[in-house]
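Please read the structure below before turning to the comments.
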Amino acid sequence: MEVKAFLGGLHVPHYKSFSEKQPIKVASLPEEIIIPLSQHIGAPCQPLVKVGDRVKAGEKIGEAESFVCAPVHASLSGTVKAIEKRPIHSGQMVECIVIEVDEQQESVGYANNDVEKMSKEEIIQAVKEAGIVGMGGAAFPTVVKIQPPPDKPIDALILNGCECEPYLTCDHRIMLEKTDELLKGVKLLQKVLDVEKAFICIEDNKPDAINALKEKNDDPNIVIMKTPTKYPQGAEKQLIKATLGREVPPGGLPFDVGALVQNVGTAVAVYEAVKYNKPLIERVVTVTGQNIDQPGNLLVKIGTPLEHLLAECGGIKEGPAKVIMGGPMTGVAQSDLSVPVVKGITGITVLPPAMAYGEPEYTDCVRCCKCVESCPMLLYPNLISIYGEVGLYEKAEKWNTMDCIECGICAYVCPSERPIVKFVQQAKPKIQKLQASRKNA
Amino acid sequence: MDEKKKLVVSSAPHLRDEGTVGKAMRDVFVALMPVSLVAIYFFHWYAVFIIGVCLVTAVLTEILFRKMLKKEPRLYDWSALVTGLFVALLFPATTAWWKAAIATFIAVGIAKELMGGLGRNRFNPALFGRVALIIIAPVMSFIDQQFSALYLNLGTVDSMTQATPLAMLHQGMEMPGYGQLFFAFPGGALGETSPFFLLLGAAYLFYKGHIGWRIPVSIVGTVFVLTFFFGANPLHHLLVGSLTLGAFFMATDWVTSPFTDKGKIIFGIAIGILIVVFRLGLSPTEGVAFSILILNGFVPMIENYTLRPQFGKVKKAVAVE
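First to last, the protein sequences are chains A and B.
Counting in numbering that gives the first Met the number 0, the first sequence runs from 0 upward without gaps.
Counting in numbering that gives the first Met the number 0, the second sequence runs from 0 upward without gaps.
Below you can see the structure in the form of structure tokens.
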């Protein structure tokens, strides 16, 4: 089954060849792991351990009472060395549990459940305990997502295997190497959500993944969909539009149009959580770019420091480099390589000196319309950037800055090199403040 | 810190496409080369001289004004050179060099730099400079008399005395063949000599993604339909004057045309209507320059009425197949 492209968007270079043929490899153990107590959207966890405690791999070490939350687990066994604020990839300082890793590893031991016999409630409980969050990058707690409000019936489950972000190949490898687990995970999600139809959407630049899934899938209610390769095909709203022809209204969520989108990696994690009661303590991370010696896809323990992972892949070839957590369109450039890999990290992109530019020197908008033509949210990034630049946030709000998905296309095409996404990111909190003060007034 | 270990940071996205304003402007300059060569072929040193004067004036004016405004010079973005070349192409080869220089000075200095620089100018600078010279013509003719000794004699060129095709059209004279008008015919401004070679340049800009079809097609289409409707020869009206230059190169100027798709079409149709009004109703005015400039002023209004709904604003019920 094929679908039509959404409006806007752009063909950006793929740069997938560095790592797309590299099978998933288990990364070596670091000496220290750093588990942030907040790796998700929602309330941070409270530590369940104290300094000096010994923990086993898979042991729950942080939890919160809040509904929108995901517990965190020790990804390796060892001794709790510190509970303190450490920098994470977003640049913030976050409370982290630092564990000194043992040489001899010890695990909590996993079950082997008969998933067919498990009830909805048991599945939800297993997902909750495992601390699963959206693994495509947003890191929204999955347990919340699979319990939509009863007045918002869902009739389509969409599995996002587009991986439209350049360079990244972790979802691609998961679809190839964990095909069975993915299909079983999809069935579990269908059961929990009471959804008959599921769509696994893959961009047509990954024909091997499409074929592998088509071969293994025997369920007519799971449709393997080939989507055009166009950035940002994997953005939630654009994917729903392409798959179902439905448009999520501004400010709305997928369930407003009866849809639910999960990343393919999340579906695999759901299966492993339900089948083995295995918490989310490891994930596949693509380490890639022109400037890394041995690019690859690694199965990494959550909390592994970035520098350990870079060393594992042969290290950075030449400096000055740019190390990005995530892909180059939406990822965050790092200044500190001690930050840990968390649940929502899809990849690490290392760019060579020639591509590692700092903030560009930008000039006035020349109204070329390239951003207007390619904005997938059909906004006017040109105006948003002009108002954002001079701090006219009420104007920026009027031009729907809050609906921007920050895909980066506008800044990518801008011939004046305007940092449009940066202006949006600066404007959003200011607009939120404006909206809050209006509510209070 | 060790250079090798240095990490560069910036906001996302960390990839950018190759396109810059400078490269786009350079492409426009390149796209104007074919017609400039045709003009030089017909008018020899007169054309070379006018183009040279305008380019030099444009560069000097930009340096001067940016210095006065305490801004860094931005010659690398090619916009001064492009404006200079446009101004030159809007003048006939017989024009006094200092008239072309004044027009260029007004275009780059007043219509562009004083308006805030490239991107903030509301009116197409080259057209503004050209039209300003028409408006101050009485002053010009006075100066002309004082400085008549300054005219250069660059040799005799037959095509200089050729009546412009537009004038021939207005006076009901017998017109040259369509093929000749289309490929190359002397007379009129430098940029009016060859629609074919202009289209060649426009095709290059289209291929490069710098211009779209909406504005030129709606201008040309409107002029064709209306002249036909009023009983004039539509092909003659398309082939003479600066219609091709205006529709494909000047009206499509990024800065001074609407950024909405529908707006571009309305903008083009309105320019087409005005051109026909000028040409048929107010003969013998050429009208292309005035029409585009007038519509430049309406761009913000056109944009306001043609905004698209954002993603998700159109509600459609679609069932799962």
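For glycine and all other residues, C-beta sits at the position ideal for the given N, C-alpha and C.
From a predicted model like this one, the values you see are computed outputs, not experimental measurements.
Between the segment 97 to 104 of chain A and the segment 29 to 39 of chain A, do three or more beta carbon pairs fall short of 8 Å? Using a C-beta cut-off of 8 Å, the segment 97 to 104 of chain A makes contact with the segment 29 to 39 of chain A, since at least three inter-stretch Cβ pairs fall below that distance.
Bridge partners - residue 31 of chain A, DSSP secondary structure assignment: When beta bridges are read from the DSSP output, residue 31 of chain A appears opposite A:99.
Given 8 Å as the limit, is there contact between the segment 291 to 304 of chain A and the segment 71 to 84 of chain A, that is, 3 or more CB pairs closer than that? Contact between the segment 291 to 304 of chain A and the segment 71 to 84 of chain A is present: three or more C-beta pairs spanning the two stretches fall below 8 Å.
Nonlocal neighbours in the same chain, by C-beta distance under 8 Å from residue 10 of chain A, ignoring five residues either side: Excluding the 5 residues flanking it on each side, residue 10 of chain A has same chain C-beta neighbours closer than 8 Å at 228, 229 and 230, in chain order.
Should residue 292 of chain B and residue 243 of chain B be called a contact, given that it needs their Cβ atoms to be closer than 8 Å? Not in contact: residue 292 of chain B and residue 243 of chain B (Cβ atoms no closer than 8 Å).
Take residue 123 of chain B and list the residues in its own chain whose beta-carbon comes closer than 7 Å to its own, dropping the five residues that flank it on each side. Take residue 123 of chain B, set aside five residues on each side of it, and the residues of its chain with a beta-carbon closer than 7 Å to its own are 249, 252, 255, 291, 292 and 295, in chain order.
Can you name the residues of chain B whose CB is closer than 7 Å to the CB of residue 399 of chain A? From the beta-carbon of residue 399 of chain A, the residues of chain B found nearer than 7 Å are 309.
Does the beta carbon of residue 434 of chain A come closer than 8 Å to any beta carbon on chain E? Of the protein chains in this structure, namely A and B, none is chain E.
Supposed close pair residue 384 of chain A, residue 8 of chain A - CB separation, criterion 8 Å: Actually they do not touch by this definition, with Cβ atoms about 19 Å apart.
For residue 259 of chain A, which three-state DSSP category applies? Secondary structure of residue 259 of chain A (DSSP, three-state): strand.
Can you grab the Cα-Cα spacing for the pair residue 115 of chain A / residue 193 of chain A, in whole Å? One Cα belongs to residue 115 of chain A, the other to residue 193 of chain A, and the distance between them is close to 15 Å.
Terminal residues of the continuous beta strand (DSSP E) containing residue 85 of chain A? If you look at residue 85 of chain A, you'll find it in the beta strand (DSSP E) that goes 77 to 86.
To the nearest angstrom, report how far apart residue 110 of chain A and residue 273 of chain A are at their CA atoms. Going from the Cα of residue 110 of chain A to the Cα of residue 273 of chain A covers about 9 Å.
For the segment 378 to 407 of chain A, enumerate the residues whose C-beta is nearer than 7 Å to any C-beta of chain B, in chain order. Listed by position along the chain: 378, 381, 399, 402 and 407.
Through-space distance from residue 35 of chain A to residue 315 of chain A, alpha-carbon basis: Cα to Cα, residue 315 of chain A sits roughly 25 Å from residue 35 of chain A.
Where does residue 26 of chain B land, buried or exposed, given buried means 16+ other C-beta within 10 angstroms? Residue 26 of chain B should be labelled buried.
For residue 69 of chain A and residue 107 of chain A, which I take to be in contact (beta-carbon distance under 8 Å), what is that distance rounded to the nearest angstrom? The beta carbons of residue 69 of chain A and residue 107 of chain A sit about 18 Å from each other, so the pair does not count as a contact at 8 Å.
If you measure beta-carbon to beta-carbon, which residues of the segment 107 to 132 of chain B are closer than 7 Å to chain A? Hits within the stretch, in order: 116, 117, 118 and 119.
Mind checking which residues open and close the beta strand (DSSP E) that includes residue 199 of chain A? Start and end: 196 to 202.
Whose C-beta lies closer than 7 Å to the C-beta of residue 356 of chain A among residues of the same chain, with five residues either side of it excluded? For residue 356 of chain A, same chain residues with a beta-carbon under 7 Å away, outside a window of 5 residues either side, do not exist.
Closer than 9 Å, Cβ to any Cβ of chain B: which residues of the segment 331 to 355 of chain A, in chain order? Hits within the stretch, in order: 331, 332, 333, 334, 335, 336, 348, 350, 352, 354 and 355.
Tell me, please, whether the CB atom of residue 13 of chain B is closer than 8 Å to any CB atom in chain A? By the rule that beta-carbons nearer than 8 Å mark a contact, residue 13 of chain B touches chain A.
At which residues does the beta strand (DSSP E) containing residue 82 of chain B begin and terminate? From DSSP, residue 82 of chain B is part of no beta strand (DSSP E) but of the alpha helix (DSSP H) over 78 to 88.
Around the Cβ of residue 228 of chain B, are there at least 16 other Cβ atoms within 10 angstroms (buried) or fewer (exposed)? Exposed, because fewer than 16 other Cβ atoms sit within 10 Å of the Cβ of residue 228 of chain B.
Whose Cβ in chain A lies nearer than 7 Å to the Cβ of residue 20 of chain B? Going along chain A in sequence order, the residues near residue 20 of chain B (Cβ under 7 Å) are 362, 365, 414 and 415.
Could you tell me the alpha carbon to alpha carbon distance between residue 148 of chain A and residue 252 of chain A, rounded to whole angstroms? Separation of residue 148 of chain A and residue 252 of chain A (C-alpha to C-alpha, rounded to the nearest whole angstrom) is 12 Å.
Which term fits residue 348 of chain A, buried or exposed, when burial requires 16 or more other beta carbons within 10 angstroms of its beta carbon? Per the 10 Å Cβ criterion, buried.
Enumerate, from N- to C-terminal direction, the unbroken alpha helix (DSSP H) stretches of 4 or more residues contained entirely within the segment 213 to 275 of chain A. Within the segment 213 to 275 of chain A, the complete alpha helix (DSSP H) runs of at least 4 residues are 235 to 243 and 263 to 275.
Does DSSP put residue 242 of chain B in a helix, in a strand, or in coil? Annotated three-state conformation of residue 242 of chain B is helix, per DSSP.
Interface flag, residue 301 of chain B vs chain A, CB-CB below 8 Å: No - not a single Cβ of chain A is within 8 Å of the one on residue 301 of chain B.
Residues of the segment 203 to 236 of chain A with a CB closer than 8 Å to any CB of chain B: list them in chain order, please. Result list: 236.
Own chain, CB closer than 7 Å to residue 237 of chain B, minus 5 neighbours either side, in chain order: Cβ neighbours of residue 237 of chain B beyond the five flanking positions: 219, 222 and 223.
What are the residues of the segment 279 to 302 of chain A that lie near chain B, defined by any Cβ-Cβ distance shorter than 9 Å? Those residues of the segment 279 to 302 of chain A that come within reach of chain B (Cβ to Cβ, closer than 9 Å) do not exist; the list is empty.
Do residue 401 of chain A and residue 438 of chain A have their CB atoms nearer than 8 Å? No.
Around the C-beta of residue 291 of chain A, are 16 or more other C-beta atoms found within 10 angstroms, so that it is buried, or is it exposed? Looking at its Cβ environment, which holds 16 or more other Cβ atoms inside 10 Å, residue 291 of chain A is buried.
Contact with chain A by residue 70 of chain B, beta-carbon distance below 8 Å: No, because no Cβ of chain A sits closer than 8 Å to the Cβ of residue 70 of chain B.
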